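Sequence order for the protein chains is X, S and F. UniProt numbering numbers the first residue of the first sequence as 1 and each following residue consecutively. UniProt numbering numbers the first residue of the second sequence as 1 and each following residue consecutively. UniProt numbering numbers the first residue of the third sequence as 1 and each following residue consecutively. Just below is one structure, and these are the notes that go with it.
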Amino acid sequence: MRFRFRPVDGSFYDLFSEAANHLVGGADLLAEMLSETSNKADVAERMRAAEHAADETTHQLIRRVNSTFVTPFDREDIYALGSGLDDVMDMMDEAVDLILLYEVKVLPPELAGQVQVLQRCAEITAAAMPGLEGMKALDEYWIEINRLENEGDKNHRRILAKLFSGEFKTIEVLKLKDIVESLEGAIDAFEKVANIVEQISVKES
Amino acid sequence: MRFRFRPVDGSFYDLFSEAANHLVGGADLLAEMLSETSNKADVAERMRAAEHAADETTHQLIRRVNSTFVTPFDREDIYALGSGLDDVMDMMDEAVDLILLYEVKVLPPELAGQVQVLQRCAEITAAAMPGLEGMKALDEYWIEINRLENEGDKNHRRILAKLFSGEFKTIEVLKLKDIVESLEGAIDAFEKVANIVEQISVKES
Amino acid sequence: MRFRFRPVDGSFYDLFSEAANHLVGGADLLAEMLSETSNKADVAERMRAAEHAADETTHQLIRRVNSTFVTPFDREDIYALGSGLDDVMDMMDEAVDLILLYEVKVLPPELAGQVQVLQRCAEITAAAMPGLEGMKALDEYWIEINRLENEGDKNHRRILAKLFSGEFKTIEVLKLKDIVESLEGAIDAFEKVANIVEQISVKES
Chain X
1 MRFRFRPVDG SFYDLFSEAA NHLVGGADLL AEMLSETSNK ADVAERMRAA EHAADETTHQ
61 LIRRVNSTFV TPFDREDIYA LGSGLDDVMD MMDEAVDLIL LYEVKVLPPE LAGQVQVLQR
121 CAEITAAAMP GLEGMKALDE YWIEINRLEN EGDKNHRRIL AKLFSGEFKT IEVLKLKDIV
181 ESLEGAIDAF EKVANIVEQI SVKES
Chain S
1 MRFRFRPVDG SFYDLFSEAA NHLVGGADLL AEMLSETSNK ADVAERMRAA EHAADETTHQ
61 LIRRVNSTFV TPFDREDIYA LGSGLDDVMD MMDEAVDLIL LYEVKVLPPE LAGQVQVLQR
121 CAEITAAAMP GLEGMKALDE YWIEINRLEN EGDKNHRRIL AKLFSGEFKT IEVLKLKDIV
181 ESLEGAIDAF EKVANIVEQI SVKES
Chain F
1 MRFRFRPVDG SFYDLFSEAA NHLVGGADLL AEMLSETSNK ADVAERMRAA EHAADETTHQ
61 LIRRVNSTFV TPFDREDIYA LGSGLDDVMD MMDEAVDLIL LYEVKVLPPE LAGQVQVLQR
121 CAEITAAAMP GLEGMKALDE YWIEINRLEN EGDKNHRRIL AKLFSGEFKT IEVLKLKDIV
181 ESLEGAIDAF EKVANIVEQI SVKES
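This is the structure in structure tokens:
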């Protein structure tokens, strides 16, 4: 065990964990939204509350960066990681919102696969956050996110092929494509978070 | 008042103000483009000129960064802010261009609301630029841009709902969606500018 | 001639050249994909192999950044340039993939113009990489990429106008728009690479 002499503020790590935990909740709400029996307006309402809570965590992070003299790593990186986590939430919120807004009644079952990828991304991102403190075990997290992103990419293309198979009316294709792309955007946003974590660990190592 | 001993080059601030003022002009041209009585080809022509003028300001910034020994803040940040302001202009130019290109005759009146958000973003961004010199009053600017971005987001989703309401032919939906998304892209680009300004002020404070 | 006393690792430059050369190959495969007589499944298969090879080069770069004590320029910049080159490949791969996936039989001849822009971007990017070592001749590269990006932008808008001219069924417009946008995305990704190179040269000069 190494002693740490720098008077770092431990609660940055807590706030990153909190932000990532909001994403676990958001991904679960997205899964609920896809269920045929869910009350979509109600799920969307809870998603909005979750998104506001995530915003509040991000604002706390920014305020702490502004008011803390010694930060555990570069201010810009704390800022980038905070924004990156926030972007994931925004994309998941958008997906939920579009499902409600477009009044899509029948969602292709393939979408559930994408949401499972998102749930897994959220879980391992939340699990990785405490690792920031010791900069350990982050390589495996980064590799797994990249694997999930590839899986998501394959799902995405398979779903697009289905949308264009002739089974759907053109206007429905347009709607579903937006929803499907916001799911893919959320997965990409998780990958960006992993890339920022990787960059931080490269700098600090 | 604090003395500033660093021999900084004041004209960086002038160039940022100039770049932001181009955006005020661009947003006004966009508003003109939406007017039913405007000569669209003529407005698009003036937009192109405004976009070239904005490019010229950006190039001056880059050249000055390359030839100045001591810059008022990090070179990369000057570069990022210059590119960020330029990106807004590109998005507004794209919106104007698409309106002309797609020969859309009837634009939903809701688009005017988005352009008003853009005009307000441009105004407060231009007003914030001189504040870079003393790093003051920038928090309020950042908060207001974020509020405007949220408002723009709500407008955007309302417009999408209207596009998919069945009132428009599918091919028209496709065209209008592109235009509406470039407006939203311009608002997002303003938010990115505000985030860069925030990051600069975090570093410098 | 200046002596270089820093014990820099020359092979970073080799890896950047290798990454850029993958892009030359990728752009050529894209050109082959557009040919009416090509076996599209076979070209897509070779594109996938090229994309994996490019990934491997990126991973080598990252590993080397992690294991090298003195790097020729900032670790973050090496990382950003590596990711930037990788992003171009991803966009070209997406274009090839969509052409196969959407089973588009007739591609508008205007797409060939965009692919020629991409081939030219790839060539001059590959030619510029060795220049990173002496930070010379990079201005001309940057200016030429920006010129190509403008040309690509004009092509792009011309193609969009054609797609919406009434000649194509709406569902075909949707498919072709995706393909055309991934080509434009690849050109934009080349511009981003040039911007990163420019930023590196600004820092190092």
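Cβ atoms here follow ideal geometry from the backbone N, Cα and C, with glycine treated the same way. Source: prediction; values computed, not measured.
At a C-beta separation below 9 Å, residue 75 of chain F has these neighbours in chain X: 199, 202, 203. Against chain F, the CB of residue 161 of chain X has a partner CB under 8 Å away; the residue lies at that interface.
Considering only S/53, S/94, S/55, the residue with the shortest C-alpha distance to residue 182 of chain S is S/94. Excluding residues up to 5 positions away in sequence, 107, 111, 112, 115 lie with their Cβ nearer than 7 Å to the Cβ of residue 34 of chain F in the same chain.
Shortest Cα-Cα distance from residue 118 of chain F to any of F/185, F/62, F/69 involves F/185. The beta carbon of residue 157 of chain F falls within 8 Å of a beta carbon belonging to chain S, placing the residue at that interface. Distances from the alpha-carbon of residue 96 of chain X to those of X/134, X/131, X/27 put X/27 closest. The residue among X/72, X/43, X/121, X/60 with its C-alpha nearest the C-alpha of residue 88 of chain X is X/121.
Identification of chain S residues near residue 97 of chain X by a Cβ-Cβ cut-off of 8 Å yields 157, ordered along the chain. Residue-level contact check: residue 66 of chain F touches chain X, since one or more beta carbons of chain X fall below 8 Å from its beta carbon.
Contact note: residue 175 of chain F reaches chain X through 164, using a C-beta cutoff of 9 Å and chain order.
Residue 202 of chain X and residue 65 of chain F do touch by the CB rule: their CB atoms are close to 6 Å apart, below 8 Å. Setting aside the 5 residues that flank it on each side, residue 74 of chain F has no residue in the same chain whose C-beta is closer than 6 Å to its C-beta. In the three-state reduction of the DSSP assignment, residue 72 of chain F falls in the coil class. Note on residue 164 of chain F: 16 or more other CB atoms within 10 angstroms of its CB, so buried under the neighbour-count rule.
Put simply, of X/187, X/18, X/57 the residue whose alpha carbon is nearest the alpha carbon of residue 147 of chain X is X/187. At a cut-off of 8 Å between beta-carbon atoms, residue 170 of chain S makes contact with chain F. Burial check for residue 155 of chain X: the Cβ neighbour count within 10 Å reaches 16 or more, so the residue is buried. In this structure residue 82 of chain S is buried. Its beta-carbon is surrounded by 16 or more other beta-carbon atoms within 10 angstroms. When the alpha-carbon of residue 190 of chain X is set against those of X/150, X/13, X/85, X/102, the nearest one is in X/85.
Each residue's CA atom was taken as its position, placing residue 170 of chain F and residue 99 of chain F some 17 Å apart.
In chain order, 137, 138 place their CB closer than 6 Å to the CB of residue 131 of chain X, counting only its own chain and leaving out the 5 sequence neighbours on each side. At a C-beta separation below 7 Å, residue 101 of chain F has these neighbours in chain X: 157, 160, 161. For the pair residue 194 of chain S and residue 20 of chain S, the CB atoms are not nearer than the 8 Å cut-off. DSSP places residue 185 of chain F inside the alpha helix (DSSP H), whose first and last residues are 170 to 204.
Annotation for residue 180 of chain S: 159 place their beta carbon closer than 6 Å to its own, counting only its chain and skipping 5 residues before and after.
Against chain F, the CB of residue 79 of chain S has a partner CB under 8 Å away; the residue lies at that interface. Going by beta carbons, residue 157 of chain S and residue 30 of chain X fall outside the 8 Å limit. In the three-state scheme derived from DSSP, where H, G and I count as helix and E and B as strand, residue 164 of chain S is classed as coil. Scanning S/177, S/152, S/141, S/63 for the CA closest to the CA of residue 143 of chain F turns up S/63. Around the beta carbon of residue 17 of chain S, a 10 Å sphere encloses 16 or more other beta carbons of the protein chains shown; the residue is thus reported as buried. DSSP, reduced to helix, strand and coil, places residue 54 of chain S within a helical segment of the structure shown.
Around the beta-carbon of residue 51 of chain F, 16 or more other beta-carbon atoms lie within 10 Å, marking it buried. A check of alpha carbon separations from residue 24 of chain F across F/174, F/123, F/60 identifies F/123 as the nearest.
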